[in-house]
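So the structure is just underneath, and the comments pick up after that.
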Amino acid sequence: MRWEKLLNGNCVNPIGQTKIATGRDIMTHEQGILAETARTAYGAIENVNSGLIKWKEIDGQPGNYIKVLTLDVANNRVDFLFKQDPHAEFAKHEHKCTAVALTLDGLWGYREGEELHFEGTFSYEPPGSIHTPYATEKGMIVYASFQGTSDLMLDILDEDDNVIDHLRLDFFAQYYEG
C-alpha cells in the first residue's frame, strides 16, 4: 500500500489510515501518541496511558500505592489506580463521596466483612460506607473512581470511629502527574 507523507511528518494511505511520526519511528494510528506520552487531550476528553505513570507510595500508608489518572476539581471527581502489597492495609475510613472500584488483579477484602474481591469484581460504595481495605498474600490492584458533592472524599477514622483526618481532592492532587 502506498503511504503519502504529510507536511507535519505524519503519513496517510489511500484508505485513511494514519502513521504518526514521533522522531524515533512511525507508529500506526492504532497505537497513537499515547504509546509514548502519558496524557493527551482533545477538548474535554482526556486519555491516559497508565503504564507511563509511576506508582507513588501513599504517605503514612506503607504498602499502599496510587496512580491518579484524572482529577476533575470542578466536578469533585478523581479516577485512580490503587495498589496494595501483600498483607497491606489502608486506614479505616468513611466515604463522603460515591465510590466505585473494579478489581484488576489480586485478592482483597474489608476487615469489617467476610467476602473477598478478586479480578473482575465490581464494588459500589455509597456515601457513609465505612471500611478498612486490606490485601491478602496476593496483593491487589483496583481501578477506583470517587465522585462527591464537595471536595471531601474520605474521613479517616480511628479504632473508635472518631475522625482523625480528611482526604480531599488536594490529597489526590499531590500524587497527580500532569
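Heads up: the sequence shown is residues -2 to 175, going by the working numbering.
Cβ coordinates follow ideal geometry from the N, Cα and C atoms, glycine included.
It should be emphasised that the depicted structure is a prediction, and the values quoted were computed from it without experimental measurement.
Three-state secondary structure (DSSP) of residue i
| i | result |
| --- | --- |
| N61 | strand |
| G48 | helix |
| A132 | strand |
| Q41 | Just to set this straight, residue 41 is Ala in the shown sequence, not Gln. Of the three classes helix, strand and coil, the one that applies to A41 here is coil, per DSSP. |
| A71 | helix |
| G117 | coil |
| D152 | strand |
| F87 | coil |
| I161 | strand |
| A141 | strand |
| E112 | coil |
| I55 | coil |
| E33 | coil |
Beta-carbon proximity of residue i to residue j, cut-off 8 Å
| i | j | result |
| --- | --- | --- |
| V139 | A170 | no |
| N61 | F87 | yes |
| H163 | L149 | yes |
| T129 | T118 | no |
| L68 | L151 | no |
Where the alpha helix (DSSP H) containing residue i begins and where it ends
| i | result |
| --- | --- |
| L166 | 166 to 170 |
7 Å Cβ shell around residue i - same chain, five flanking residues per side excluded
| i | result |
| --- | --- |
| G106 | E112, L113, H114, Y131 |
| G103 | A132, K135, G136, M137, I138 |
| W176 | With the chain covering -2 to 175 only, the question about residue 176 has no answer from this structure. |
Run of the beta strand (DSSP E) containing residue i, from where it starts to where it stops
| i | result |
| --- | --- |
| D173 | Checking the sequence, you will find Tyr at residue 173 rather than Asp. Note, Y173: premise wrong, no beta strand (DSSP E); not H, not E. |
| K80 | 74 to 81 |
| G106 | 95 to 107 |
| H90 | 90 to 92 |
Same chain only: Cβ atoms within 8 Å of residue i, ignoring 5 sequence neighbours per side
| i | result |
| --- | --- |
| T34 | N46, L49 |
| G125 | E91, H92 |
Residue closest to residue i, alpha-carbon to alpha-carbon, out of the options
| i | options | result |
| --- | --- | --- |
| P123 | G145, N73, G40 | G145 |
| A41 | W52, I63, N72 | N72 |
| K80 | G57, I63, F168 | I63 |
| G173 | L66, E54, K93, N159 | Per the sequence presented here, residue 173 reads as Tyr, with Gly not at that position. Minimum Cα distance to Y173 is reached at L66. |
| N159 | Y121, K89, I55 | K89 |
| I55 | S120, D82, I161 | D82 |
Chain-order list of residues whose beta-carbon lies under 6 Å from that of residue i (same chain, five-residue window excluded)
| i | result |
| --- | --- |
| R36 | V45 |
| Y142 | Before going on, a small fix: residue 142 reads as Ser here, not Tyr. So the list reads D76, V97, once near-sequence residues are dropped. |
| E109 | H128 |
| I161 | I153, D155 |
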